[in-house]
Amino acid sequence: MTRTNGLLAGLLVLSVAGVAGGVGYITQQNIATYESELASAVADARAELRPQGIDVSVQTVSTSMLGMKREERFVFRKLDPAMELFAINQQVTIEPFRAYGTFGIDDKSGMVAMFAGAAPDLLGKQQGSWQLDPVNDLLNVNYRTGAVNQSMPDGTQVSVKPLTLTAVAGAANKGKTRVNMSIPDIALESPMGKGSLKGFDLLVRSHEVKGETFVDHVRYKIGQVSVDSPFITFMLRDFAMESGQIIDRNELASLMTINFSALNVNSSDKDLSVEPTRLSLFVNGINWPALEQATKEINDLSSDPALADEGQILSAAIEAWSRVAAEGLTIKLETLESRFILNDLGPAGMGASGDVLLSGGALLEPGMAETLMYDWPQRISADLMIDGSRSLMQSPLAEHVVSLIDAGYIAQSSDRLQTHIRYVDGMVTANDLPLDGMLATGM
């Protein structure tokens, strides 16, 4: 999640961080602090959104009980052409030892109003609330939309179960944040077919580093995605993607894993079935100060469109990222394992089946950024091990596989077919043989 996304998601609630102020602050002190923090949060949001052509403003609609109760309106506008996108209304109560409020998207203003009429329950039955607990330094946010169950004029039926969003943040020190969003079910059915998405869940954990949001952990989960039409059927089940990041001694490391239990694709002439599949990728040694500086330079340049055109920004980005890469890094493909069955349903069709296991890695040696574009072939080394089942020989490529085995580019070990590809000093080899001779196999 970027800092901009964090500001958008937490603008209404994170602005009350100063209300805590420590147990014992009187209500009027809390109100003054709230107003100061609110102005600061809106200013930060404007600075982040303006480069993207969006502006945000806040209006105090009313106050009562000497400011303890407040009604506010946040408006998001597109700058060019000028138009209101959407607005958020919230009601706030500030007490000596806590603050809380309710909020919701206005379904009668901005571009949102153009779509709200087609699904009146989506925003008409939304529920949003937050509460700040200064004793435990926690800000809790809960939001839930209404459901959608609409029929379109062309006969299309759309059904969406309520979206839920929860967030927990350390408010006073703007520390760790946990955001979770889920949608139980989305379904679409039309004369051309039907599709559905079930069990979507997103979890993001982050904390602030020098005023910027650093994402520690991201997890996507989808129970099932399916499409059924006269032309193709598709089904993906139990998909999960997780990534984690950590900064250690000024170096950034990231681990990503992707899993799914089944994938099926069927068309008039092909039938593909993929069994449990797993990918694990580890990236290490990214210089964090260099990455921070590169990001800042690009953001500063793009924040004022009058200062640079797209060509200048692209050139500056290449130069900035070259300095990051010049510090060196490592990439490790820990595993990519999958098993599949492919059937060709054509008149002379021939299928293939088996399992494949990939592993390997790459290393970029540090050096001078100015020469990276020229000396990267000597600064990069990489290897990839390909290990497949012998059953893969029974496929439309059987003749070519046999040729590669005879030439030594594929080795047979028991019931496995193996190839070790290396890249060193600008040269690529397969099983220690130069690839020049691969053309002789007829590939």
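Residue numbering for the sequence shown follows our numbering, beginning at 80 and increasing consecutively.
Even glycine gets a Cβ: it sits at the ideal position worked out from N, Cα and C.
The structure displayed is predicted, hence computed values, not measured ones.
| Asked | Found |
| --- | --- |
| Rounded distance between the beta-carbons of ARG152 and VAL171, thought under 8 Å | So it is not a contact: roughly 12 Å between Cβ atoms. |
| Own chain residues within Cβ distance below 8 Å of GLU413, not counting five before or after | SER359, LEU360, PHE361, SER438 |
| Cβ pair count under 8 Å reaching 3, the stretch 253-260 against the stretch 270-285 | yes |
| Distance CB(ALA431)-CB(LEU483) smaller than 8 Å | no |
| DSSP-derived helix/strand/coil call for GLY505 | coil |
| Bridge partners - ARG316, DSSP secondary structure assignment | GLN303, ALA341 |
| The stretch 336-346 in contact with the stretch 362-374 per 3-pair CB rule at 8 Å | no |
| Where the alpha helix (DSSP H) through ALA441 begins and ends | Segment 431-443 is the beta strand (DSSP E) holding ALA441; no alpha helix (DSSP H) there. |
| ALA189 classed as buried or exposed, judged by whether at least 16 other C-beta atoms fall within 10 angstroms | The residue you asked about is not Ala; residue 189 is Gly in the sequence shown. Result: buried. |
| Residue burial classification, ILE489 (beta-carbon count within 10 angstroms, cutoff 16) | buried |
| Residues near ARG469 by beta carbon distance below 7 Å, same chain, minus five either side | ASP494, ARG495, LEU496 |
| Three-state secondary structure assigned by DSSP to ILE500 | strand |
| Any beta strand (DSSP E) of 3 or more consecutive residues that is wholly inside the stretch 345-404 | 349-353, 356-366 |
| Beta strand (DSSP E) segment containing MET464, residue limits | 459-468 |
| Residue(s) in a DSSP beta bridge with PHE165 | PHE155 |
| C-alpha distance - VAL191 paired with ILE420, whole-angstrom precision | 46 Å |
| Same chain, Cβ closer than 7 Å to GLY103, five either side skipped, listed in chain order | Any reading at GLY103 must be qualified, since the residue scores a pLDDT of 36, below 50, and its modelled position is unreliable; no value is offered. |
| For TRP209, the residue or residues it bridges with in DSSP | GLY180, VAL220 |
| SER143 Cβ short of 7 Å to the ligand PLP heavy atom set | Although the ligand PLP was asked about, the structure shown includes no ligands whatsoever. |
| PRO309 versus GLY272 - alpha carbon distance | 7 Å |
| Straight-line Cα distance separating LEU512 from THR292 | 48 Å |
| Where ARG149 falls, given that 16 or more other Cβ within 10 Å makes a residue buried | buried |
| Anticipated Cβ contact below 8 Å, ALA197 with SER238, distance rounded | So it is not a contact: roughly 13 Å between Cβ atoms. |
| DSSP state of GLY274 mapped onto helix, strand, coil | strand |
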